[in-house]
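First residue of the sequence shown? That's 4 in my numbering, and the numbers climb one at a time after it.
This report refers to the structure that appears directly beneath it.
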Amino acid sequence: MLLQNKQVAIVGGGPGGLTLARLLQQQGAAVRVYERDRSRRERVQGGTLDLHDESGLAALRAAGLLDAFRAHYRPGADLLRLIDKHATVALDQHADASADTFGDAAFRPEIDRGPLRDILLDSLQPGTVVWDSQLVAVQPLGAGWQLTFQGGAAATADILIGADGANSKIRPLLTPIRPFYSGVTIVEGTVYDSAQNAPQLHALTKDGKIFALDDAKSLVVSAKGDGSLTFYTGCKMPETWARDSGIDFADAAEVRAWFRQEFAGWDEIWQELFASEITRCVPRPQYCMPLDQTWPAQPNLTLLGDAAHLMPPYAGEGVNMAMLDALELSECLTSEQFPTVQAAIAHYEQHMRQRASAVAQETLEQTERLHAPGALGYLVELFGAPHGSKM
Numbered sequence: 004m005l006l007q008n009k010q011v012a013i014v015g016g017g018p019g020g021l022t023l024a025r026l027l028q029q030q031g032a033a034v035r036v037y038e039r040d041r042s043r044r045e046r047v048q049g050g051t052l053d054l055h056d057e058s059g060l061a062a063l064r065a066a067g068l069l070d071a072f073r074a075h076y077r078p079g080a081d082l083l084r085l086i087d088k089h090a091t092v093a094l095d096q097h098a099d100a101s102a103d104t105f106g107d108a109a110f111r112p113e114i115d116r117g118p119l120r121d122i123l124l125d126s127l128q129p130g131t132v133v134w135d136s137q138l139v140a141v142q143p144l145g146a147g148w149q150l151t152f153q154g155g156a157a158a159t160a161d162i163l164i165g166a167d168g169a170n171s172k173i174r175p176l177l178t179p180i181r182p183f184y185s186g187v188t189i190v191e192g193t194v195y196d197s198a199q200n201a202p203q204l205h206a207l208t209k210d211g212k213i214f215a216l217d218d219a220k221s222l223v224v225s226a227k228g229d230g231s232l233t234f235y236t237g238c239k240m241p242e243t244w245a246r247d248s249g250i251d252f253a254d255a256a257e258v259r260a261w262f263r264q265e266f267a268g269w270d271e272i273w274q275e276l277f278a279s280e281i282t283r284c285v286p287r288p289q290y291c292m293p294l295d296q297t298w299p300a301q302p303n304l305t306l307l308g309d310a311a312h313l314m315p316p317y318a319g320e321g322v323n324m325a326m327l328d329a330l331e332l333s334e335c336l337t338s339e340q341f342p343t344v345q346a347a348i349a350h351y352e353q354h355m356r357q358r359a360s361a362v363a364q365e366t367l368e369q370t371e372r373l374h375a376p377g378a379l380g381y382l383v384e385l386f387g388a389p390h391g392s393k394m
């Protein structure tokens with residue numbers, strides 16, 4: 004076994020890193036996950052995730068966690084309404100929802116990030132995750148690595164895997180290649196207790212999702228199991244717009260004023276997103292790694308998820324790619340096919356980059372189409388449904 008008598012360090016406790024830890028532990032590997040959060044309950048996890056049969060769900064099947072997923076996913080949360088700026092429904096999947104089941108390639112069940120993380124955390128051996136581990140430095144140490152964390156704690160590892168997201172501290176050890184700006188900036192926010200604070204949008208969402216598309220802008224609203232709504236505005240903006248705008252995105256009144264101006268002509272129903280003073284928003288310029296990126300395989304270092312192949316969210320592939328990365332990397336590292344860890348990493352990385360490049364190309368095309376005139380008609384045609392009626 005390639006990992007025999009080797010300590011594996013995974014930096015980042017998101018779905019990709021935790022899935023990898025579970026899969027490696029199933030094969031007897033020694034694994035530690037270093038996560039910057041102080042505890043599993045430190046912060047509210049983001050919105051809902053739709054897992055795909057060939058990627059996210061495939062990883063959960065291999066991890067022996069599909070039954071746990073079935074117990075915690077949210078039936079009906081995958082159902083979508085396509086809407087224009089006047090709140091006119093163009094497509095309503097709730098109207099003729101099919102009885103999709105696990106194993107159907109088209110079935111993409113939704114689960115909130117928090118419950119998915121809990122499923123993965125609970126599957127790990129006690130002490131696997133080392134919380135409050137904000138990585139500040141990585142240095143070679145013999146044939147392995149030394150990791151230094153905020154506060155002075157340190158750890159060593161024979162194999163280092165960066166699952167630490169878009170701003171990965173591990174990635175620069177492998178490559179200087181940086182992402183490029185996609186042209187779209189998202190403003191992300193959460194409406195808590197949406198039944199009270201945004202009753203019309205709460206009803207319109209129907210515990211599923213809304214895609215509102217008009218004026219070359221997008222507005223995605225998703226219901227969560229805790230009664231909140233997460234939303235994401237998407238607009239073509241200069242890369243430095245959020246920094247240069249002078250908007251305090253923690254101030255609901257300032258964001259409300261920006262939205263009213265930027266989304267002028269949109270129905271008043273959308274103002275409910277900013278009606279509550281406890282709504283907090285975060286601007287997120289969307290980046291993508293070059294589609295032709297490559298780097299030489301290292302003997303004890305690799306990446307997965309956004310750290311490897313960051314891309315915008317408009318094809319719904321981010322978490323699925325990360326979990327599939329974890330599955331394929333675990334299979335390579337625990338296979339008898341490869342003579343060395345470096346050979347296993349090289350095989351994984353070549354396939355991972357090729358797969359991610361194809362998905363990123365699709366994502367960039369979707370990003371452009373959803374922020375261009377006629378986006379609503381494009382999606383309605385894509386889903387194969389006629390125009391609907393006014394709510």
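We put the beta carbon where it would ideally sit given N, CA and C, even for glycine.
Computed from a predicted structure; not experimentally measured.
Sequence-distant residues of the same chain with beta carbon closer than 7 Å to residue i, five excluded per side
| i | result |
| --- | --- |
| SER197 | LEU204, HIS205, GLY230, SER231, LEU232 |
| HIS55 | ARG111, ASN323 |
| ALA80 | THR51, GLU113, ASP210, GLY211, ALA226 |
| LYS239 | GLY186, VAL187, ALA219, HIS374 |
| GLN137 | ARG39, PHE152, GLN153 |
| ARG174 | GLY165, LEU306, ALA310 |
| PHE277 | ALA255, VAL258, ARG259, PHE262 |
| ARG372 | ALA378, TYR381 |
| TYR76 | PRO112, GLU113, ILE114 |
| GLU365 | ALA318 |
DSSP-derived helix/strand/coil call for residue i
| i | result |
| --- | --- |
| SER126 | coil |
| GLN296 | coil |
| GLN10 | strand |
| GLN142 | strand |
| GLU38 | coil |
| ASP53 | strand |
| GLN274 | helix |
| MET4 | coil |
| GLU339 | coil |
| TRP148 | strand |
| ALA160 | strand |
| TYR351 | helix |
| GLU331 | helix |
| ALA80 | coil |
| GLU384 | helix |
| ASP135 | coil |
| PHE72 | helix |
| ASP309 | helix |
| GLN30 | coil |
Beta-carbon proximity list for residue i, same chain, < 8 Å, skipping 5 on both sides
| i | result |
| --- | --- |
| LEU307 | GLY19, GLY20, LEU23, ILE164, GLY165, ALA166, ALA325, ASP328, ALA329, LEU332, MET355 |
| GLY106 | ASP56 |
| LEU68 | ARG25, ILE122, LEU123, SER126 |
| THR343 | LEU5, PRO302 |
| ASP40 | GLY16, ARG46, TRP134, ASP135 |
Between the CA atoms of residue j and residue i - distance to the nearest angstrom
| i | j | result |
| --- | --- | --- |
| PHE183 | THR337 | 34 Å |
| ILE189 | ALA255 | 16 Å |
| ALA140 | ASN200 | 44 Å |
| LYS172 | THR208 | 38 Å |
| ASP218 | THR236 | 12 Å |
| GLU320 | VAL362 | 8 Å |
| ARG43 | GLY117 | 9 Å |
| GLN153 | ILE162 | 21 Å |
| ARG84 | PRO316 | 18 Å |
| CYS335 | TYR351 | 7 Å |
| ALA12 | ARG35 | 5 Å |
| GLN28 | ARG246 | 43 Å |
| LEU144 | PHE341 | 24 Å |
| ASP251 | GLU275 | 19 Å |
| PHE386 | ALA98 | 14 Å |
| ALA66 | ALA253 | 39 Å |
| LEU60 | ASP70 | 11 Å |
| HIS390 | GLN7 | In this prediction, HIS390 scores a pLDDT of 41, lower than 50, which makes its location untrustworthy; the coordinate-derived value is nonetheless stated afterwards. Computed Cα separation, rounded: 59 Å. |
| TRP273 | ALA74 | 33 Å |
| ALA160 | GLN96 | 49 Å |
| PRO293 | HIS89 | 37 Å |
| GLU280 | GLY147 | 49 Å |
| GLY249 | THR243 | 11 Å |
| PRO202 | GLY155 | 48 Å |
Proximal residues to residue i (C-beta, below 6 Å), its chain only, five neighbours per side dropped
| i | result |
| --- | --- |
| ILE348 | ALA300, THR305 |
| ALA33 | GLN10 |
| GLU191 | TYR235, VAL285, ARG287 |
| MET314 | CYS291, ALA363, THR366 |
Whole-Å CB distance - residue i paired with residue j, under 8 Å assumed
| i | j | result |
| --- | --- | --- |
| ASP87 | LEU216 | 7 Å |
| ILE213 | GLN296 | With a Cβ gap of about 34 Å, ILE213 and GLN296 do not count as contacting. |
| THR131 | VAL194 | In fact, because the Cβ distance is near 34 Å, the residues do not count as touching under 8 Å. |
| GLY31 | ASP115 | Between ASP115 and GLY31 the Cβ distance is about 31 Å, and since that is not below 8 Å, they are no contact. |
| TYR2 | ALA109 | Outside the displayed range of the chain (4 to 394) lies residue 2, so it cannot be described from this structure. |
Closer than 8 Å: residue i CB and nearest the ligand GTP heavy atom
| i | result |
| --- | --- |
| VAL141 | What this structure holds is no ligand at all, so the ligand GTP is not there to describe. |
Uninterrupted beta strand (DSSP E) stretches inside the stretch 176-229 (no shorter than 3 residues): 183-194, 212-217, 220-226
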